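To start, the structure under review is shown below, and the notes come after it.
Protein chains: 4
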Amino acid sequence: MTKHKIGILGASGYTGAELVRLIATHPGMQIAALTADRKAGSSMAEVFPHLRHLDLPRLVTIGEVDFTEIDLVFCALPHATTQQVVSALPRDLKIVDLSADFRLRDPAVYAQWYGHEHFALDMQTEAVYGLTEFYRDDIRSARLVAGTGCNAATGQYPIVPLLEAGLIEPDQIIIDLATGVSGAGRSAKEGMLHSEVSEGFHAYNVARHRHMAEFDQEFSKAAGRAVVCSFTAHLLPANRGILATIYVKGDAGAIHGALARRYAGERFIRMLPLGESPHTRHVRGSNFCDLGVASDRRAGRTILFSALDNLVKGASGQAIQNANLMLGLDESAGLMAPPLFP
Amino acid sequence: MTKHKIGILGASGYTGAELVRLIATHPGMQIAALTADRKAGSSMAEVFPHLRHLDLPRLVTIGEVDFTEIDLVFCALPHATTQQVVSALPRDLKIVDLSADFRLRDPAVYAQWYGHEHFALDMQTEAVYGLTEFYRDDIRSARLVAGTGCNAATGQYPIVPLLEAGLIEPDQIIIDLATGVSGAGRSAKEGMLHSEVSEGFHAYNVARHRHMAEFDQEFSKAAGRAVVCSFTAHLLPANRGILATIYVKGDAGAIHGALARRYAGERFIRMLPLGESPHTRHVRGSNFCDLGVASDRRAGRTILFSALDNLVKGASGQAIQNANLMLGLDESAGLMAPPLFP
Amino acid sequence: MTKHKIGILGASGYTGAELVRLIATHPGMQIAALTADRKAGSSMAEVFPHLRHLDLPRLVTIGEVDFTEIDLVFCALPHATTQQVVSALPRDLKIVDLSADFRLRDPAVYAQWYGHEHFALDMQTEAVYGLTEFYRDDIRSARLVAGTGCNAATGQYPIVPLLEAGLIEPDQIIIDLATGVSGAGRSAKEGMLHSEVSEGFHAYNVARHRHMAEFDQEFSKAAGRAVVCSFTAHLLPANRGILATIYVKGDAGAIHGALARRYAGERFIRMLPLGESPHTRHVRGSNFCDLGVASDRRAGRTILFSALDNLVKGASGQAIQNANLMLGLDESAGLMAPPLFP
Amino acid sequence: MTKHKIGILGASGYTGAELVRLIATHPGMQIAALTADRKAGSSMAEVFPHLRHLDLPRLVTIGEVDFTEIDLVFCALPHATTQQVVSALPRDLKIVDLSADFRLRDPAVYAQWYGHEHFALDMQTEAVYGLTEFYRDDIRSARLVAGTGCNAATGQYPIVPLLEAGLIEPDQIIIDLATGVSGAGRSAKEGMLHSEVSEGFHAYNVARHRHMAEFDQEFSKAAGRAVVCSFTAHLLPANRGILATIYVKGDAGAIHGALARRYAGERFIRMLPLGESPHTRHVRGSNFCDLGVASDRRAGRTILFSALDNLVKGASGQAIQNANLMLGLDESAGLMAPPLFP
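Keeping their order, the protein sequence lines are chains A, B, C and D.
With this note's numbering applied, the first sequence corresponds to residues 912 to 1253, in that order.
With this note's numbering applied, the second sequence corresponds to residues 912 to 1253, in that order.
With this note's numbering applied, the third sequence corresponds to residues 912 to 1253, in that order.
With this note's numbering applied, the fourth sequence corresponds to residues 912 to 1253, in that order.
This is the structure we're talking about:
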């Protein structure tokens, strides 16, 4: 099989490295270009020694890439920067973006949550939201796919089908979530030091976390009316993994049945038996999202659980799943390695 | 000052060791007896090498203790066992119990949650619930004080004053909580192995955690009507610390003001400014409970945070605080060491 | 390609689960039988939920397995038990054993280190020692291959070629090593609890660790004379990974050159540039062993580093590498997935 | 008792916070000034929330401190900066310095290891090396005491008495050591992120670690001849704690006896029985150093172990121990709290 030529813009961060890790054993992709502005000139082995056995192109600046040789780029750059880079790319290049820049369809909502006007309004409307299991057909024919927020993906898998089916009360959704450290990226910040993160737990960005904008957009679309949920994210002293524990008003049996039916044909959503709840460690390193449903002791209320690896199903694995569709490959190509436990 | 003679029944568990740690620098207590049935004959240094510099009595069986020499015992035994041991102790001995056996005032409720009849019904009614800041006067004159569940304490500090003041809707309380591994004790269980706990997160005992019985009892008392909350506990890959994130219906400003006033004179409750949330790592090893209040983005809703060290304020520190009162000592004696961070 | 039928005896431990994980994406193997005496009747998903998406046979007892349907078994049972099980298997069945039972060629040495006579003396002499890069030809034609100790493998990769080449002083080898928790297996032991392992470091089995018997056997063979090294193993608060730091008398440049040449054609040995040292986290989940060489500041002395994942290159990955040879498959089949970092 | 007035220069780092933590319950010291140039104007609670209950002066710049009100300062500033700050302090102010600036008595050695001339040569010669148990009398009358390197202290406790007694071969000392993350301080560096440190192990600064200069100085003094050891430091995925595993030529029984006698009267050195080895977690948060001695299986060789908490006995606790002597207080004042385990 001829392999598709892949570029990764922003390869010096964790999502970039994770793309390289997954593509290394992908049967239909090969890496043709890697960029990292500040580390241009370095080898990937210097930046990520765990990849030292791979035969990879050197890191270059974006300007040095010959995009005529590339079939698809993954863009793993910071938000805001991304808009400017993506606008300047050839108009026929397929792009899977992992930043927040093209997730929100309404420019006003983008401006409200990110604090500035969007720099690429035309592309913002063109972009397809990258939650594969809900936008599969659109993604297949899309030129630009916007990867979801990792927390946003975790919350949407259990909730969106229930809002669509009218099985839960839209005004009483509370999403409480714990997320691994790698979600904060590799830039050096005091708050992400081992000494500051390990052996403890705390909430962050309380009542103002940007992934709520995605919940609002997608939950409202699913419910056919405005939905605003409560959401609190906590930082977990672990590198990978997100667990969302979600409190809803609705019947556990009906909810479990509906989710089981909705995801019966999905290879990456693993539905647990009613009453069981997932562990983040059981999805580590994999593209799976594990879902659990339990009856609350308060009558008519249900507790939902959703677990995924923020760097895989929440970012780079999701991106490859979408790219597989965009390139006409099997959707699960390169993504079936089981989780790494312990 | 003459020191009070202290016995610790069940000194080979983590709460026992933590009592010894705290008493080692306590100005008004000294350890006169340590028991541990299966480790009788061992030195404490063999069982807990971190305490090897202390001059301590050997571990003995309970039968070997001369209780006429003891002013107060801490009982750190498993539930059910505790009832039988405590019933057999001299009737004039002061007792601070750390098990679940005397927390629930209603024998029927005890039987429902613990699956068997209570073996010491008379003492069950005599026991005072050990949440010091709420039962201080009763504790001062009590002979038997029942230490609270560690999760139960964490949830009660922010909620009980609000129910008493009628500031929150009693039927819409959701307590989502993460708790450190040491709360499970030192007995060898597969699920508590490092390989099974580290680098991940999961909920446990969903909708059937026994600490809910304490919430029911104390919240209903505070509200003057039956209160049933939702509660989910998660296991944190950290040894110490509990963080409760609590979703309530009520006004954040009024709630923050009420909690600040309620705890203004309390030495161990540290109230954070409105909008800030605590870290478990900032209370580690200490007897503090840190409380935070933030306005939810859903109008009229508030998110509460409560953090404490499960082995100190949630168990052994709380027990010493109560014992200080029972012995006529300063309530904070031996308990003012700051948290250990990082 | 027709896949070879594989049995795993002792599938309920970490090495068993790791074999399943690796075989799940192996192009030439499929799992035909899984045994676990105490968990017989359970599904693998119940015992290891991270593998819940796989279509696997139920766990059965060894007696229930029809070995005529099996091409090769991996035996991941405790030592001593293994001898008895392996003796009773069909004489034409290919076996890769992961226990300590067939590593030592001299029965007297076995008895000395393991405290009892060997129960399967004939097979002990038949077994080939499973350090693939040194016994490749023997393994290809072997019926029974004995997987090495995980620590033993880590130490041998850097040292054996140097002893063979006479580049280091055989009487001055000191191996100081730190090993991850999963090496101790999944059985519940107080010393392996998260509370007892995390946030600390200690040596164990000082001067009496059984893996020294393998060093003695293989180092002496390589040097052509008796070699006894110093060896200390420490328990690392991490689940996977072994790092050996080794102090030898010899020239760093010559040593680096010799190792680079020796391993130039090896796919799983990654040689670092002179002066660099490896991280265990950069081999996690992979079958790589990373080697480093640095000049000590004491003249004529060199410090060697060797890092591998104890569950992969130190156990299950090594076992599959050997099985690939025994089955005539490509040696690296199923083993080229890059490490998982972070 | 009137308390001595204490200043802490550089209070926004971990050693500064640790000084505050220990002084908070110290019977003879009170904090009169805290400086932190970049955080001047902040409260300590903002910088270190775990200390939020303490009544402390605001952080100021060094220029704002009125040193006539101060009895003793702890200087917890980066090296090189320290020399300039300390030179400018009043000549009668007692100083305990925690940096590397005054540890090396020979200016040429300082220049060689730190890459520049020393800026305060007169004070360099005046300074007393702060390993309390070896320089106690000098410290008592010193004006300037130079705290030791944390790794340097860990290695010296077991080795110096043996060199003094001639019980080990000076040319065959190998110190292999693992150290907690907090030793690297609180400044944001990629290599100290949780994602980069947790779940792994690696050596750093191989054969060029600056603490070797202290070993050379003190070991040579103890032996009465030049001594050069091998030394490798590893980064431990834990916040606190150092374990040194040391390989020497000498008799284990004689060595254990000599160390036991040497440290019999020392309150902070805990000698383990022959054959036992310490855990870092058993000294966490305390001022203890635990020492172990085991006979190697190579005849005539011994393995030594030394464990301490890098922020306490390796830095701030050691500094207070020395300050106690300089101020005429009991040497152990404020330092007897047992370790925090788990």
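Glycine is no exception: its CB is placed at the ideal position from the N, C-alpha and C atoms.
Only a predicted model underlies this, so the values are computations on that prediction, with no experimental measurement involved.
Limits of the unbroken beta strand (DSSP E) element including residue 1113(C): 1113 to 1115
Under the three-state DSSP convention, the category residue 1122(A) falls into: Looking at residue 1122(A) - three-state DSSP - the assignment turns out to be helix.
query: Roughly how many whole angstroms lie between the Cα atoms of residue 1186(A) and residue 1170(A)?
result: 14 Å
message: Which residues of the stretch 1097 to 1124 of chain A have a Cβ closer than 9 Å to any Cβ of chain B? Give them in chain order.
response: 1104, 1105, 1106, 1107, 1108, 1109, 1110, 1111, 1112, 1113, 1114, 1115, 1117, 1118, 1119, 1123
message: Please classify residue 1055(C) as buried or exposed, where buried requires at least 16 neighbouring CB atoms within 10 angstroms.
response: Under a 10 Å Cβ-count criterion, residue 1055(C) is classified as buried, with 16 or more other Cβ atoms of the shown protein chains found around its own Cβ.
message: Check for me: the beta strand (DSSP E) holding residue 928(C) runs from which residue to which?
response: No beta strand (DSSP E) contains residue 928(C), which is instead part of the alpha helix (DSSP H) from 925 to 934.
query: Three or more C-beta pairs closer than 8 Å, one from the stretch 941 to 949 of chain D and one from the stretch 1211 to 1230 of chain C: is that the case here?
result: no
- request: With 7 Å as the C-beta to C-beta threshold (strictly closer), list the residues of the stretch 1212 to 1236 of chain C near chain A in chain order.
  value: none
- prompt: Would a check of beta-carbon distances place residue 1183(D) closer than 9 Å to chain B?
  reply: yes
- request: Please report the residue range of the beta strand (DSSP E) in which residue 1138(B) lies.
  value: From DSSP, residue 1138(B) is part of no beta strand (DSSP E); its letter is neither H nor E.
field: Residues near residue 1020(B) by beta carbon distance below 8 Å, same chain, minus five either side
entry: 1124, 1127, 1128
field: Of the residues 1211(D), 1062(D), 943(D), 1210(D), the one placed nearest residue 982(D), counting alpha carbons only
entry: Out of 1211(D), 1062(D), 943(D), 1210(D), 943(D) has the C-alpha closest to the C-alpha of residue 982(D).
task: Closer than 7 Å by beta-carbon distance: list the chain A residues that pair up with residue 1207(B), in chain order.
output: 1118, 1141
- prompt: Where do the ends of the alpha helix (DSSP H) carrying residue 1071(D) lie?
  reply: Unbroken alpha helix (DSSP H) run through residue 1071(D): 1061 to 1075.
- request: Compute the Euclidean distance between the alpha carbons of residue 1032(C) and residue 1158(C), then round it to the nearest angstrom.
  value: 36 Å
task: Answer with yes or no whether the minimum CB distance from residue 1148(A) to chain D is below 9 Å.
output: yes
- request: Flag residue 968(B) as yes if its beta-carbon sits less than 9 Å from any beta-carbon of chain A, otherwise no.
  value: no
Short-range partners of chain C found in the stretch 1080 to 1094 of chain D, where Cβ spacing is below 7 Å: Those would be 1085, 1087, 1089, in chain order.
- prompt: For residue 1002(D), which of helix, strand or coil comes out of DSSP?
  reply: coil
- prompt: Just curious, the beta strand (DSSP E) that residue 1105(C) is in, first and last residue?
  reply: Careful: residue 1105(C) lies outside any beta strand (DSSP E), inside the alpha helix (DSSP H) at 1105 to 1108.
- request: Answer yes or no: does any C-beta atom of chain B fall closer than 9 Å to that of residue 933(A)?
  value: Any Cβ of chain B closer than 9 Å to the Cβ of residue 933(A) would place that residue at the interface, and such an atom is absent.
task: Determine the burial state of residue 999(D): buried for a count of at least 16 other Cβ atoms within 10 Å of its Cβ, exposed for fewer.
output: exposed
message: Spatial neighbours of residue 1051(B) within its chain, please: C-beta separation below 6 Å, excluding the five flanking residues on both sides.
response: 1236
- request: Note down, one range per segment and in chain order, each beta strand (DSSP E) of at least 3 residues found wholly within the stretch 1008 to 1057 of chain A.
  value: 1055 to 1057
message: Contact defined as beta carbons within less than 8 Å: I believe residue 917(D) pairs with residue 940(D). What is the distance between those atoms, to the nearest angstrom?
response: Contact check for residue 917(D) and residue 940(D): beta-carbon distance about 5 Å, within the 8 Å limit, so the pair qualifies.
Contact set between the stretch 954 to 966 of chain D and chain B, restricted to residues whose Cβ is under 8 Å from the partner: 959, 960, 961, 962, 963, 964, 965
query: Are there 16 or more other CB atoms within 10 angstroms of the CB of residue 1011(C), so buried, or fewer, so exposed?
result: buried
- request: Starting from residue 1089(A), trace the beta strand (DSSP E) both ways and give me its first and last residue.
  value: Element bounds for residue 1089(A): 1085 to 1090.
field: Cβ distance (whole Å) where residue 1149(A) is taken to contact residue 1110(B) below 8 Å
entry: 5 Å
query: Applying a beta-carbon distance threshold of less than 8 Å, which residues of chain C neighbour residue 1152(D)?
result: 1110, 1111, 1112
- prompt: On the premise that residue 1194(C) lies in contact with residue 1152(C), defined as a C-beta separation below 8 Å, what is that separation, rounded to the nearest angstrom?
  reply: 7 Å
message: Using the Cβ count rule (16 or more neighbours within 10 Å means buried), how would you classify residue 995(D)?
response: exposed
- prompt: Mind pulling the chain B residues with CB within less than 8 Å of residue 1189(A)?
  reply: 1113
- prompt: Can we count residue 1039(C) as close to the ligand COA, meaning its CB is less than 8 Å from some heavy atom?
  reply: Looking at this structure, you won't find the ligand COA or any other ligand, since it has none at all.
message: Strictly by DSSP, which residues pair up with residue 1201(A)?
response: 1181(A), 1218(A)
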